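Enquirer: Can you keep this structure in mind? I'll have questions shortly.
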Amino acid sequence: MGKNWRVATASTDGTVVDEHFGRAEDFYIYDIGPDGAYSLLEKRSVHPSGEGLGHTEDAMLEKITALRDCCAILVVQIGPGARRSLELNRIAVFEAPGDVGAALRALAKYFVRTNYSPLPGL
35 MGKNWRVATA
45 STDGTVVDEH
55 FGRAEDFYIY
65 DIGPDGAYSL
75 LEKRSVHPSG
85 EGLGHTEDAM
95 LEKITALRDC
105 CAILVVQIGP
115 GARRSLELNR
125 IAVFEAPGDV
135 GAALRALAKY
145 FVRTNYSPLP
155 GL
């Protein structure tokens with residue numbers, strides 16, 4: 035398997051997965067390979083969708099659109115509606131709080147073990 039995966043992390047600093055999907059304003063986008071090697075591609079800023087009394091459809095759509103080129107996202111926590119929306123857009127969701135590097139390496143192992151394939155065109 036020679037294809038890498040593009041993964042978003044909900045993080046305040048790019049080193050720790052420490053944000054709930056709805057409250058996240060920044061997503062750090064990484065490229066990870068089958069060997070667990072990873073590199074930061076960019077930081078993407080979006081409007082938080084979990085402010086106030088609930089999610090807004092526009093803010094949720096903005097986040098999903100910003101992450102469309104990713105095959106997965108790592109978050110501390112995510113609500114069932116947001117999870118469903120991401121999965122309907124073919125973005126796998128993993129709750130993995132803690133060190134970004136450890137989470138990305140574990141995700142690469144999981145992808146290899148399950149023969150996970152990024153979506154066509156990614």
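Just so we're aligned, residue 35 is where the sequence shown starts under the working numbering, counting upward by one.
Each residue gets a CB set at the ideal place from its N, CA and C atoms; glycine is no exception.
These numbers come from a predicted model, not from an experiment.
Among Arg40, Val51, Asp69, Trp39, which residue has its Cα nearest to the Cα of Ile112?
Expert: Within the sequence shown, numbered from 1, the residue matching residue 112 stands at position 78. The candidate whose alpha carbon is nearest that of Ile112 is Val51.
Enquirer: Whole angstroms are fine: how far does the CA of Asp69 sit from the CA of His81?
Expert: Here residue 81 refers to the residue found at position 47 of the sequence shown. Here residue 69 refers to the residue found at position 35 of the sequence shown. Their backbone Cα atoms lie some 33 Å apart in a straight line.
Enquirer: Sort out for me which residues DSSP pairs Val51 with in a bridge.
Expert: Position 17 of the sequence shown, counting from 1, holds the residue named residue 51. Answer is Gly132.
Enquirer: With burial defined as no fewer than 16 other Cβ atoms inside 10 Å of the residue's Cβ, what is the status of Gly115: buried or exposed?
Expert: One-based indexing of the sequence shown puts residue 115 at position 81. Looking at its Cβ environment, which holds fewer than 16 other Cβ atoms inside 10 Å, Gly115 is exposed.
Enquirer: Which same chain residues, not among the five before or five after Lys143, have their C-beta less than 8 Å away from its C-beta?
Expert: Start at 1 with the first residue of the sequence shown, and residue 143 comes out as number 109. Cβ neighbours of Lys143 beyond the five flanking positions: Gly70.
Enquirer: With DSSP collapsed to three states, give me the class of Thr99.
Expert: The sequence position of residue 99 within the sequence shown is 65, counting from 1. Three-state result, Thr99: helix.
Enquirer: Return helix, strand or coil for Val109, following the three-state DSSP convention.
Expert: If you number the sequence shown from 1, residue 109 lands on position 75. Val109 falls in the strand class under three-state DSSP.
Enquirer: For the beta strand (DSSP E) containing Arg117, list its first residue and its last residue.
Expert: Residue numbering aside, residue 117 sits at position 83 when the sequence shown is read from its first letter. Where Arg117 is concerned, there is no enclosing beta strand (DSSP E), although the alpha helix (DSSP H) it sits in stretches over 114-122.
Enquirer: Counting only the same chain and skipping the five closest in sequence on each side, list residues whose C-beta sits under 6 Å from that of Thr49.
Expert: One-based indexing of the sequence shown puts residue 49 at position 15. These residues qualify, in order along the chain: Val134.
Enquirer: Here's a check: name, in chain order, each residue in its chain whose Cβ is nearer than 6 Å to the Cβ of Tyr72, leaving out the five neighbours to either side.
Expert: Position 38 of the sequence shown, counting from 1, holds the residue named residue 72. Contacts found: Tyr64, Ile66, Leu138.
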